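Working notes, beginning with the structure itself.
The structure is reproduced here in structure tokens:
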């Protein structure tokens with residue numbers, strides 16, 4: 006039986022109409038993972054957990070949908086499409102015995118089309134993860150070519166590496182807007198998975214529309230933007246007194262397009278997990294003997310964050326596809342357990358950060374003329390950060406006070422500093438489709454950043470905080486896209502222009518007094534490249550992308566960040582990279598009830614002036630310092646295999662190897678480079694990930710859905726410092742094999758879902774940056790409830 010109800014929207018974009026609907030069974034229960042395909046076109050996909058589907062870019066006035074699911078009769082639905090209509094589709098499938106020779110009909114999803122454009126890219130849907138107690142970082146870490154490195158538990162600093170390039174070489178966006186402007190309290194550590202729809206990962210070349218100065222790649226986080234009215238709640242609790250709450254909803258008036266979206270989250274953890282090893286020791290004050298056999302509990306590593314994002318405006322109206330006025334507020338409290346390494350524990354150091362970000366976002370297709378689409382975003386981000394480190398107490402790893410520092414400050418100079426930051430962001434993106442085969446895209450993003458800071462603990466005239474800094478940055482890009490040979494060949498060529506200028510007021514200690522010193526720096530550069538995707542057959546795509554890319558230094562790299570133990574480096578130069586990526590994608594290939602996708606990429610990067618973070622000892626404490634390296638060569642390969650049986654049993658296996666070496670004969674000071682030919686220090690180079698997911702039959706559990714999953718991550722050992730320094734006593738980050746296991750159950754009404762996750766189930770000692778230990782075994786329970 007097939008019938009039509011409202012409201013599901015048909016998009017009004019130049020590239021075609023969007024069809025939305027839902028598939029249900031004879032008991033009116035949603036059917037997930039059905040195939041829904043437009044007959045005669047290579048378009049379609051699968052229904053989501055709630056039975057909904059979406060097919061974009063349909064140009065015909067009438068289409069026929071073919072809906073198929075194991076155990077049900079195939080449905081054929083005729084749909085009349087009109088740009089002025091708003092209607093929807095509910096498709097009810099009748100039960101049928103499974104036939105061994107049943108034919109599965111399929112089409113390409115939007116995610117598949119993105120992955121075949123020519124860029125080395127991956128689309129990650131968060132739908133199957135949203136009911137688990139899992140962070141966005143953990144999902145990214147399971148993707149080929151990506152290494153996510155945390156410096157502790159929930160809320161800790163995180164570094165990302167894509168194909169051997171790490172740190173700020175990898176850029177993050179949320180709905181196309183650079184994420185760094187929202188502040189540390191609104192980051193991948195904080196945002197719940199339930200608020201996210203998809204993560205788009207670009208490894209190497211980044212498209213112009215993102216407006217990124219990235220070398221290693223970029224990740225674009227797409228938040229949920231439901232067409233229907235929803236309100237969802239989730240709560241997770243677990244080990245180390247961890248609690249995470251999220252509430253998000255969407256309302257749209259179908260008569261006038263008035264739209265309201267809201268999201269709220271709260272995170273808390275004591276992060277009081279056990280640590281041990283060479284850097285965890287206690288000194289006997291009487292004998293001076295060092296005891297390295299202790300197992301300590303972290304005692305000053307608490308984390309708390311909260312935030313809300315409210316959007317109010319209009320969607321899918323004649324004068325705008327979207328006009329939204331938004332307000333984002335987030336706040337964070339973070340205790341600091343140690344410096345850049347774990348050998349000196351802190352007992353009272355902490356910092357707070359608050360962010361207020363109002364913004365306006367306007368999008369319109371067919372703006373003034375057919376084929377022209379504009380996207381305008383403007384905001385002003387106000388961030389305030391306070392660091393408190395003034396105690397005279399010295400702590401050991403037992404949490405005891407063992408000595409006094411009369412001058413105060415656990416990390417050196419006593420601080421009670423406040424840093425205020427303001428960032429104006431203006432982004433403009435325009436695309437013009439000459440026809441279905443040719444398209445131009447223009448993007449420009451301008452930012453003005455200002456910072457003021459002062460230290461309440463400094464004597465008059467001796468405040469060495471960076472009490473005034475300013476940075477202006479401009480990025481501009483133009484691209485041309487063409488599809489030919491019946492869309493088998495897709496080509497994108499582009500050019501980019503980068504420039505920035507910085508000014509900084511610092512202090513120097515001269516003749517017993519502090520004197521103000523002014524610094525300034527600027528740079529202009531350009532980039533260019535191309536991305537080509539060619540379908541050798543329907544299932545095999547060859548991809549080639551190449552680019553000269555530029556990455557401008559970030560404010561924290563230039564001006565420092567005392568909260569993160571980072572010192573200023575105003576003379577940093579821009580990174581420049583020439584990179585080439587050659588990829589092969591096979592699938593999604595079907596046989597009987599099985600399907601498989603295989604993708605692999607060979608890459609080569611040549612980077613000049615790479616910005617790397619090193620450690621130095623200041624006043625007995627390790628701190629971070631950023632510095633330029635000369636020439637870095639990185640080359641390697643990554644791969645990913647996805648296997649599926651009946652949308653019930655899924656296996657993913659991925660791996661990556663990169664050979665990243667310091668290849669300058671001389672360092673930046675003109676001295677002979679003693680590290681020539683060495684692997685880049687403190688960088689993993691071999692990693693494997695695998696995951697298995699099994700959904701039990703809905704009939705077996707009376708229409709509910711029971712799922713079990715297992716994830717494994719393996720990282721081969723690597724050196725903490727340069728590998729060619731001597732032959733003995735090298736610090737090695739050991740090989741690590743981490744296993745996570747979980748089970749989830751979604752009730753038949755699809756409103757309530759429960760999950761139980763066991764992370765690091767074998768309590769493996771897990772290390773990351775500079776041998777900083779991560780949490781051991783933890784158990785987490787999560788409840789998800791769709792209120793409506």
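In this note's numbering, the protein residues as written are 6 to 793.
Beta carbons: idealized from backbone N, C-alpha and C, even for Gly.
All figures in this text were calculated on a predicted structure; none of them were measured in a lab.
Three or more Cβ pairs closer than 8 angstroms define a contact, and the region 775-786 falls short of that threshold against the region 215-225. Contact between the region 450-460 and the region 423-431 is present: three or more C-beta pairs spanning the two stretches fall below 8 angstroms. Under DSSP, the beta-bridge partners assigned to residue 618 are 631. Taking 8 angstroms as the upper bound for CB-CB distance, residue 613 and residue 581 are in contact here, some 5 angstroms apart.
Across the structure, residue 434 and residue 215 are spaced so that their CA atoms are roughly 9 angstroms apart. DSSP lists 489 and 539 as the bridge partner or partners of residue 494. By the 16-neighbour rule on beta-carbons within 10 angstroms, residue 747 is buried. Using a 10 angstroms sphere on the CB of residue 444, the tally of other CB atoms reaches 16 or more, which defines it as buried.
Looking from the CA of residue 283, the closest CA among 298, 694 and 272 belongs to 298. For residue 451, DSSP records a beta bridge to 431 and 479. In the three-state scheme derived from DSSP, where H, G and I count as helix and E and B as strand, residue 562 is classed as helix. As for any alpha helix (DSSP H) of minimum length 4 sitting wholly inside the region 115-201, the runs are 115-120 and 141-145, ordered along the chain. In this structure residue 408 does not touch residue 344 by the C-beta definition: roughly 17 angstroms separates them, more than the 8 angstroms allowed. Only exposed fits residue 374, as fewer than 16 other CB atoms lie within 10 angstroms of its CB. Counting of Cβ neighbours within 10 angstroms places residue 677 among the exposed residues, the total staying below 16.
When beta bridges are read from the DSSP output, residue 606 appears opposite 588 and 643.
In the three-state reduction of the DSSP assignment, residue 255 falls in the strand class. Within a 10 Å sphere around the beta-carbon of residue 332 sit fewer than 16 other beta-carbons, which makes this residue exposed. Secondary structure at residue 213: helix, using DSSP grouped into helix, strand and coil.
Taking a cut-off of 8 angstroms on C-beta distances, the region 538-546 does not touch the region 474-484, as fewer than three cross pairs fall below it. In summary, residue 402 is buried, with 16 or more beta-carbon neighbours lying within 10 Å of its beta-carbon over all protein chains present.
Closest in C-alpha terms to residue 221, from the list 213, 209 and 229, comes 209. With a minimum length of 3 residues, the unbroken runs of beta strand (DSSP E) contained wholly in the region 667-723 fall at 691-700 and 710-720.
Per DSSP, the continuous beta strand (DSSP E) segment holding residue 242 begins and ends at 235-243.
Where residue 407 is concerned, the enclosing beta strand (DSSP E) starts and stops at 406-409. In this structure, the straight-line span from the alpha carbon of residue 244 to that of residue 641 is close to 38 angstroms. In the same chain as residue 197, and ignoring 5 residues on each side of it, the C-beta atoms closer than 7 angstroms to its own belong to 239, 249, 251 and 270, in chain order. At least 8 angstroms separates the beta-carbon of residue 629 from that of residue 617. Cβ neighbours of residue 396 within its own chain (closer than 6 angstroms, five residues either side excluded): 353. Considering only 720, 667 and 187, the residue with the shortest C-alpha distance to residue 726 is 667. Rounded to whole angstroms, the gap between the alpha carbons of residue 205 and residue 212 is 11 angstroms. Within the same chain, and ignoring the five residues on either side of residue 558 in sequence, the residues whose Cβ sits closer than 6 angstroms to its Cβ are 577. Taking 8 angstroms as the cut-off, the Cβ atoms of residue 551 and residue 534 count as close.
Here residue 509 is buried. Its C-beta has 16 or more other C-beta atoms within 10 Å. When the Cα atoms are used, residue 391 and residue 420 turn out to be separated by approximately 10 angstroms. Residue burial is scored here from C-beta neighbours: residue 713 has fewer than 16 other C-beta atoms within 10 angstroms and is therefore classed as exposed.
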